[in-house]
Amino acid sequence: MDFALTQEQTLIFDMAQAFGQEHIAPFAREWDNAGNIPKDLWPKLADLGFGGLYVSEKNGGSGLTRLDATLVFEALSMACPSVAAFLSIHNMCAAMLDKFASPELQGKYLADAVSMQKFFSYCLTEPASGSDAAALKAKAEKTDQGYTLNGTKAFISGAGYSDAYVIMARTGGDGAKGISAVVVDDGVKGLSFGGLEDKMGWKSQPTRQVQLDNCNIPAGNLLGETGKGFTYAMKGLDGGRLNISACSLGGAQAALTATLQYMGERKAFGRNIDQFQALQFRLADMEIELQAARVFLRQAAWKLDTGAPDASKFCAMAKRFVTETGSKVANQCLQLHGGYGYLADYGIEKLVRDLRVHEILEGTNEIMRMIVARQLLAERG
0 MDFALTQEQT
10 LIFDMAQAFG
20 QEHIAPFARE
30 WDNAGNIPKD
40 LWPKLADLGF
50 GGLYVSEKNG
60 GSGLTRLDAT
70 LVFEALSMAC
80 PSVAAFLSIH
90 NMCAAMLDKF
100 ASPELQGKYL
110 ADAVSMQKFF
120 SYCLTEPASG
130 SDAAALKAKA
140 EKTDQGYTLN
150 GTKAFISGAG
160 YSDAYVIMAR
170 TGGDGAKGIS
180 AVVVDDGVKG
190 LSFGGLEDKM
200 GWKSQPTRQV
210 QLDNCNIPAG
220 NLLGETGKGF
230 TYAMKGLDGG
240 RLNISACSLG
250 GAQAALTATL
260 QYMGERKAFG
270 RNIDQFQALQ
280 FRLADMEIEL
290 QAARVFLRQA
300 AWKLDTGAPD
310 ASKFCAMAKR
320 FVTETGSKVA
330 NQCLQLHGGY
340 GYLADYGIEK
350 LVRDLRVHEI
360 LEGTNEIMRM
370 IVARQLLAER
380 G
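Going by numbering that gives the first Met the number 0, the letters in the sequence shown line up with residues 0 to 380, in that order.
Here it is, written out as structure tokens:
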């Protein structure tokens, strides 16, 4: 058993980290305040191969493993978890196009997705169906020309910003088997967006509802097979859970690194505060927890890459453990900064805000516990 990264994986991590520190970190607070990420950032990331991380090489992607991808998102999140998570969403859509789309649909969209000339958003959640995603109500009715879409999607990162949307909609009866996936271009008649959501964190990502009102798309924009959309969406979620965990890990690591620096400079009662044993113990606990989270995450990614039968269980366990550890560490780092941690200038409060949502999306951590418990009971026999 070898826990060391390969030379190639180390280079991937270092490349992503260097890019983030040069092109993202200096502007993260500005983008957070503006509620927008400049679109010219994405082609720069695509030049590194980050627009199609697990798109196959034959389709122009990087063909990386899920473990490789977690390294990218951990490294980029050290600069800004919100930007890194937004990139993860685009990559989820690109992977769906690569794995399930017809050659014609791939020809229409995939190259632009990989080059990030087009940015994609993923639309599954609805106002009345979050954790119970298979209960979605949005409809895609078959017509002579293609499909007519009606319904509303909620909490969509990139709504009104992205160039295209992968939308899960009902083409059949109730339940998961009645759901298909379609691609909708920005600007199509009948596609509109709700007001900008005022969120706690991830503020640089514009989040709105996606509204579909007699929105017509061609038949060729069906992604994969009719009735398979929910299956496609769920297949992407194991990897998405690893990615969002990596974003928590990177953000928390950035918080701990900044806290170590701060504590070496801040004085109280005549000495640097990193010389107080009680505070040293807190630093030690955070380091232990982050290292445990990192090993757990990479084990889960390895299981997903190797097709292990318990991969979904491990992805759920890692998502629960790593995201909660990340939030806990970031919050502890804010506490160790004292009043300064509460100020935007130090960057810690943004990390606390950004990481909190990771316990909710890609399946709430309560759902992660349900997945683990059900598999435990099934394994008992």
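Ideal Cβ placement from N, Cα and C applies to all residues, glycine included.
This one's a predicted model, so the numbers in the text were calculated from it and none came from an experiment.
In angstroms with no decimal places, state the Cα-to-Cα distance between residue i and residue j.
i: residue 334; j: residue 311; result: 35 Å
i: residue 173; j: residue 298; result: 36 Å
i: residue 270; j: residue 325; result: 29 Å
i: residue 167; j: residue 194; result: 21 Å
i: residue 127; j: residue 216; result: 25 Å
i: residue 246; j: residue 132; result: 23 Å
i: residue 27; j: residue 204; result: 11 Å
i: residue 385; j: residue 275; result: Beyond the ends of the chain as shown, which are 0 and 380, falls residue 385; an answer cannot be given.
i: residue 63; j: residue 53; result: 5 Å
i: residue 17; j: residue 136; result: 43 Å
i: residue 101; j: residue 160; result: 26 Å
i: residue 426; j: residue 206; result: Shown here, the chain extends from 0 to 380; a query on residue 426 therefore has no answer.
i: residue 327; j: residue 351; result: 9 Å
i: residue 344; j: residue 337; result: 13 Å
i: residue 178; j: residue 120; result: 18 Å
i: residue 241; j: residue 165; result: 20 Å
i: residue 288; j: residue 170; result: 45 Å
For the beta strand (DSSP E) containing residue i, list its first residue and its last residue.
i: residue 149; result: 145 to 156
i: residue 138; result: 138 to 141
i: residue 192; result: 190 to 192
In terms of residue numbering, what span does the alpha helix (DSSP H) encompassing residue i cover?
i: residue 65; result: 65 to 76
i: residue 28; result: 27 to 33
i: residue 341; result: From DSSP, residue 341 is part of no alpha helix (DSSP H); its letter is neither H nor E.
i: residue 265; result: Where residue 265 is concerned, there is no enclosing alpha helix (DSSP H), given that its DSSP letter is neither H nor E.
i: residue 79; result: Where residue 79 is concerned, there is no enclosing alpha helix (DSSP H), given that its DSSP letter is neither H nor E.
i: residue 108; result: 102 to 113
i: residue 351; result: 347 to 355
Between which residues of its own chain and residue i is the CB-CB distance below 6 Å, once the five residues before and five after are set aside?
i: residue 117; result: 111, 162, 163
i: residue 58; result: 97, 109
i: residue 23; result: 78, 79, 82
i: residue 230; result: none
Can you list, in chain order, the residues of its chain with a C-beta nearer than 7 Å to that of residue i? Leave out the 5 residues immediately preceding and following it.
i: residue 268; result: none
i: residue 14; result: 47
i: residue 323; result: 358, 364
Exercise. At which residue ranges does the region 208 to 233 contain complete alpha helix (DSSP H) runs of 4 or more residues, listed in the order of the chain?
Worked result: Counting only runs of 4 or more, we get nothing.
Exercise. Does the region 40 to 57 come close enough to the region 200 to 216 that 3 or more CB-CB pairs lie under 8 Å?
Worked result: Too few Cβ pairs lie closer than 8 Å, so no.
Problem set entry | Sufficient close CB pairs (3 or more, under 8 Å) joining the region 176 to 187 to the region 195 to 207 | Counting Cβ pairs under 8 Å, fewer than three are found: no touch.
For this session: Determine contact between the region 287 to 294 and the region 244 to 259, defined as no fewer than three beta-carbon pairs at a distance below 8 Å.
Result: Because the criterion of three Cβ pairs below 8 Å is met, the region 287 to 294 and the region 244 to 259 touch.
Problem set entry | Inter-stretch contact (C-beta, 8 Å, three-pair minimum) for the region 354 to 363 and the region 273 to 291 | The region 273 to 291 and the region 354 to 363 do not touch, with fewer than three beta-carbon pairs separated by less than 8 Å.
Exercise. Are the region 216 to 230 and the region 144 to 151 touching by the rule of at least three beta carbon pairs closer than 8 Å?
Worked result: As far as the Cβ criterion goes, the region 216 to 230 touches the region 144 to 151, which means the pair count is three or higher.
Problem set entry | Those runs of the alpha helix (DSSP H) which lie wholly inside the region 288 to 341 and span at least 4 residues | Listed in chain order, the alpha helix (DSSP H) elements of length 4 or more contained wholly in the region 288 to 341 are 310 to 335.
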